[in-house]
Every structure is written in structure tokens, then in C-alpha cells.
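Okay, structure first, notes after.
There are 2 protein chains.
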Amino acid sequence: MSEEPGLRERKKRRTHAAISDAAISLFLQHGFDQVSVAQVAEAAEVSRRTLFAYFPAKEDLVVHRMADHQSEGARVVLARPPGTSPLAALRANFLTGLDRRDPITGLSDHPHIHALFAMILSTPALVARMERFKSAAEHTLAEALRQTSATPELTARLAAAQLVAVQWTLALDNIQRLAGGQSADDRHPGAVSDAEHAYTLLRTGLGDLT
Amino acid sequence: MSEEPGLRERKKRRTHAAISDAAISLFLQHGFDQVSVAQVAEAAEVSRRTLFAYFPAKEDLVVHRMADHQSEGARVVLARPPGTSPLAALRANFLTGLDRRDPITGLSDHPHIHALFAMILSTPALVARMERFKSAAEHTLAEALRQTSATPELTARLAAAQLVAVQWTLALDNIQRLAGGQSADDRHPGAVSDAEHAYTLLRTGLGDLT
DNA sequence: ACATTTCTTGCACCAGGTATACATTTGCAC
DNA sequence: GTGCAAATGTATACCTGGTGCAAGAAATGT
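Protein sequences, first through last, are from chains A and B.
Each residue of the first sequence is one higher than the one before, starting from 1 at the first, in our numbering.
Each residue of the second sequence is one higher than the one before, starting from 1 at the first, in our numbering.
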């Protein structure tokens with residue numbers, strides 16, 4: 001089961017990490033746009049060409065860590081306990097994320113993560129890349145919903161779009177409040193009640209808006 | 001009231017249109033990524049530097065026409081007849097758009113517009129630019145909702161996110177079906193019932209998902 | 001007609017990204 | 001260990017999008 005990684009594989013992993021670490025450190029220090037890929041390559045002691053062999057674009061130096069979360073929503077829906085609705089499962093998952101201060105909820109105040117988010121949000125190119133993750137998350141979630149109880153295609157897509165949009169809005173709100181100086185612990189109760197409100201809105205609809 | 005446009009102003013408008021027309025024509029013929037801005041500038045008989053004086057980035061050569069629609073949702077909400085809910089107003093507006101074959105609903109089959117949408121959707125850089133329009137539309141709509149009946153900030157943002165996501169999903173679906181060869185007239189009844197379904201979902205919520 | 005402002009242009013330059021061709025390292029068989 | 005094929009890394013040169021700058025051309029007000 002435990003495949004010996006092999007020297008080649010280990011070296012690749014180390015190089016990958018070295019490049020990413022050098023990049024993020026430099027970006028946090030001077031800003032994404034103020035640092036060129038050439039500087040990152042030099043700091044990581046690698047050629048520019050090699051850097052692009054590991055990361056297809058400059059933005060990926062930062063956002064590659066989010067790649068795992070792309071299908072989180074879909075996983076949660078597919079692995080939900082029997083008798084649970086997709087909406088309830090996603091809601092529970094988000095609330096658990098808040099408790100754990102999971103970065104994806106925007107409620108992490110580890111200074112490193114916090115600074116990273118601030119940089120991402122203030123850099124248009126990185127925001128654009130995040131939108132692509134949103135799209136991917138939306139598609140995988142729609143597919144998961146479609147498989148569930150044979151939800152019609154369009155309904156699945158509409159629901160997925162709403163769910164991803166709401167989760168992102170909640171996370172963004174938390175990030176912004178933490179950027180305003182609030183600590184994660186201080187923000188937690190408010191974040192929970194906001195999330196509950198949001199999921200109630202999703203469940204019962206926007207009919208009350210006048 | 002009718003300000004004499006002046007020679008300078010008229011020339012600017014003509015140049016703007018000439019560049020945009022040349023660009024779109026070339027892009028439709030050979031694809032966005034296959035045409036360089038230098039080629040566009042040459043076709044429009046303008047220097048490269050001047051092109052960038054009119055359009056801040058290559059992508060804007062294509063998407064600048066959508067700029068008007070950025071605040072359409074907000075306008076509809078603010079100008080709705082008394083006694084109408086924001087949701088009902090947006091729904092009515094979308095259905096009217098379908099009747100008018102408004103491109104923003106995805107139901108236009110003027111071959112020009114149709115080919116343009118196909119190109120946009122198949123070009124990642126252009127899709128990313130469209131996402132920025134979605135974001136802008138979301139923000140203006142949230143602000144409009146907040147002004148309305150003093151909707152709380154977070155609720156306004158959540159509702160705006162859902163509304164924009166749903167409208168975009170509907171439009172995308174129509175575009176894809178028209179790309180599949182269906183005519184706008186054939187698609188119209190289905191588009192209407194899909195839109196009604198989507199707005200019902202927004203109004204009554206996702207509670208029925210099992 | 002003239003001065004001022006605005007627009008256009010050419011040029012040099014930077015940064016991200018890729019193609020090619022060459023050198024180095026690794027995995028593996030013997 | 002030796003030798004060889006495959007995978008990786010590198011140098012170089014190039015293309016493209018985008019900007020700063022300074023000088024020229026054209027519109028405008030007087």
C-alpha cells in the first residue's frame with residue numbers, strides 16, 4: 001500500500017514546496033504584483049522555466065492550495081448520512097468548519113492565512129483565479145446533486161449556483177471582518193448566526209423580501 | 001439639452017467603434033487567442049498604443065458591450081412599481097427579456113450575437129472577464145436591495161448573490177441549447193418555464209431537495 | 001492666426017509564458 | 001559499479017500584452 005516514493009518523486013515534492021514557499025513569502029512581503037516570477041525562481045534556486053513546469057501560471061503559486069476544496073461540497077453531499085437533505089448536510093459541514101476555524105469559512109486567524117487572504121482579495125488577478133475555483137465547485141456540486149434522488153439537471157445547477165454563491169458570500173464576510181481587526185473567537189458567534197440565517201434563507205426562499 | 005457633440009467627440013466615437021468592430025470581426029473569424037492586438041490595431045488603422053487608450057485590456061475589446069447591463073438588476077429593483085417585491089420585479093424583467101430575445105437572457109439567435117457568445121464561453125480569459133461583470137452586478141444589486149425596505153446588509157448580499165447566480169445559470173443554459181442548434185423560437189417556451197421554475201425555487205427555497 | 005489643450009504615435013521597456021535544443025540527473029538492468 | 005533510456009532542469013531566444021515617455025498632429029477657444 002505504502003508506495004516507496006522514490007528519490008525522483010521526493011525531489012519533485014521538495015522543489016514544488018520550495019517554489020511555493022518562496023513565492024508566498026515574497027508575495028506576502030512585497031505584494032503579488034510587485035514580485036516577478038524571476039525573483040521567485042531565484043529565491044527558490046530554480047530556473048524560471050522550471051518554475052513554469054511546476055506551476056502553469058503565476059497565480060497558481062498562491063491558489064494551488066485551494067485545489068482540494070474544489071469538490072468539498074460534492075463530497076459532503078454524496079457522503080451525507082441517510083435521511084439527511086443535501087442542504088442540511090452542507091449547512092452542518094459549514095458550521096463544523098466554523099468551529100474548526102477552517103480557512104475555507106473565512107474564520108481562520110492564523111496570521112499567515114489571514115494575510116494570505118487579504119493579499120488574494122486585494123489582487124484582481126488572484127480574485128479572478130478564485131472565481132474559477134467557485135465555478136469548478138459549482139459544477140462538481142451540481143453533478144453530485146443530480147446523482148442524488150435524481151434531481152433534474154436544471155434544478156441541480158440552480159441549487160448548486162445558489163449554494164456556492166451563499167457559502168462564498170459568508171466566507172467573504174468573515175474574512176472582511178477579520179481583516180477589520182476582529183479575532184476569530186470574537187467573530188465566531190456572529191459567524192454562526194449569520195450562517196444559520198443564510199441557510200434558513202436558502203431553505204425557505206426569498207419570498208419575504210419586500 | 002442636446003449638446004453639440006463636436007468634431008473631436010465624433011471622431012473618438014468613430015475610432016472606438018472602428019477598433020471594436022475590427023476586433024470582433026477578427027476574433028470571430030480566427031478566435032480570440034489566435035489574433036494579437038497588433039493585428040486588431042492594424043485592421044482598425046490605428047496604432048497599438050491608441051488601441052490601449054480606448055480599451056484597457058484585450059478582453060475589453062469584446063466585453064465592453066455588456067458594461068451597461070452591470071447595473072440592470074439594481075435599476076429594475078429600484079424602479080419597480082409600488083407593491084411589487086424585488087423578486088417579482090426581477091422575474092418579470094427576465095421574462096420580458098426572453099420575449100424580446102434580449103441577449104442577456106441567452107435567447108438571442110442573431111447569428112452575430114450567437115457566435116460571439118460561443119466564442120466568449122470557449123475562451124477562459126473572456127469567461128473570467130464575464131465573472132467580473134457578475135461580481136459588479138451582484139454588488140450593485142445588493143446595494144439596491146439594501147436601500148429597499150431597509151433589508152439588512154447580509155441578507156441583501158446573500159439575496160443578490162443568489163439572484164445573480166440564478167440569472168446567469170439560466171442564461172448559460174439558453175446559450176448552450178442554442179449552441180446545440182435549437183432556434184430561439186423553439187427554445188422560448190422551455191426557457192420561460194425554466195425561468196419560472198427557477199424564480200419559484202428562489203421564492204420558496206431549496207427545502208424540497210432530498 | 002495663435003496658443004492651449006487633447007489625441008495620436010513611435011519607441012523603448014517590462015513581465016508572463018512558451019519552443020527549442022542541450023545538459024544533467026535518476027531509475028534500472030546487467 | 002557501468003551503461004543506457006527516460007525524465008528533469010537549464011540557457012537562450014522569442015512572442016504577446018501592457019505601460020511610460022516625449023514628440024508630433026489635430027481640434028478648440030479667443
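Glycine included, every Cβ here is placed at the ideal spot set by N, Cα and C.
Just so you know, these numbers come straight off a predicted model, no measurement behind them.
Buried or exposed (CB count within 10 angstroms, at least 16 for buried), residue i
i: residue 99 of chain A; result: exposed
i: residue 13 of chain B; result: exposed
i: residue 50 of chain A; result: exposed
i: residue 103 of chain A; result: buried
i: residue 205 of chain A; result: buried
i: residue 7 of chain B; result: exposed
i: residue 10 of chain B; result: exposed
i: residue 80 of chain A; result: buried
i: residue 142 of chain A; result: buried
i: residue 193 of chain B; result: exposed
i: residue 38 of chain B; result: exposed
i: residue 150 of chain A; result: exposed
i: residue 138 of chain B; result: buried
C-beta contact flag for residue i and residue j at 9 Å
i: residue 70 of chain B; j: residue 136 of chain B; result: yes
i: residue 35 of chain B; j: residue 15 of chain B; result: no
i: residue 184 of chain A; j: residue 95 of chain A; result: no
i: residue 77 of chain B; j: residue 145 of chain B; result: yes
i: residue 54 of chain B; j: residue 24 of chain B; result: no
i: residue 123 of chain A; j: residue 208 of chain A; result: no
i: residue 215 of chain A; j: residue 203 of chain A; result: With chain A represented from 1 up to 210, any question about residue 215 of chain A goes unanswered, as that position is not in the structure.
i: residue 140 of chain B; j: residue 92 of chain B; result: no
i: residue 106 of chain A; j: residue 173 of chain A; result: yes
i: residue 166 of chain B; j: residue 126 of chain A; result: no
i: residue 116 of chain B; j: residue 164 of chain B; result: no
i: residue 128 of chain B; j: residue 198 of chain A; result: no
i: residue 86 of chain B; j: residue 155 of chain B; result: no
Selected residue, minimal CA-CA separation from residue i, among the options
i: residue 132 of chain A; options: A:64, A:49, A:204, A:55; result: A:64
i: residue 58 of chain B; options: B:205, B:41, B:152; result: B:41
i: residue 200 of chain B; options: B:182, B:186, B:162, B:179; result: B:162
i: residue 43 of chain B; options: B:68, B:56, B:17; result: B:17
i: residue 119 of chain A; options: A:52, A:10, A:27; result: A:27
i: residue 21 of chain A; options: A:149, A:175, A:112; result: A:112
i: residue 67 of chain A; options: A:88, A:143, A:31, A:134; result: A:134
i: residue 114 of chain B; options: B:180, B:193, B:83; result: B:180
i: residue 130 of chain A; options: A:168, A:83, A:52, A:175; result: A:168
i: residue 175 of chain B; options: B:110, B:84, B:210, B:138; result: B:110
i: residue 211 of chain A; options: A:210, A:90, A:48, A:182; result: This structure leaves residue 211 of chain A out entirely; chain A is present only between 1 and 210.
i: residue 191 of chain A; options: A:31, A:101, A:56; result: A:101
i: residue 152 of chain A; options: B:152, B:83, B:210; result: B:210
Within-9 Å CB hit, residue i to chain B
i: residue 162 of chain A; result: yes
i: residue 178 of chain A; result: no
i: residue 60 of chain A; result: no
i: residue 2 of chain A; result: With a pLDDT of 38 at residue 2 of chain A, under the threshold of 50, the predicted position of this residue should be treated as unreliable, though the coordinate-derived value follows. It does not: the Cβ of residue 2 of chain A has no partner Cβ on chain B nearer than 9 Å.
i: residue 131 of chain A; result: yes
i: residue 205 of chain A; result: yes
i: residue 141 of chain A; result: no
i: residue 210 of chain A; result: yes
Interface flag, residue i vs chain A, CB-CB below 9 Å
i: residue 192 of chain B; result: no
i: residue 124 of chain B; result: yes
i: residue 20 of chain B; result: no
i: residue 25 of chain B; result: no
i: residue 86 of chain B; result: yes
i: residue 35 of chain B; result: no
i: residue 100 of chain B; result: no
i: residue 107 of chain B; result: no
i: residue 197 of chain B; result: yes
i: residue 78 of chain B; result: no
i: residue 118 of chain B; result: no
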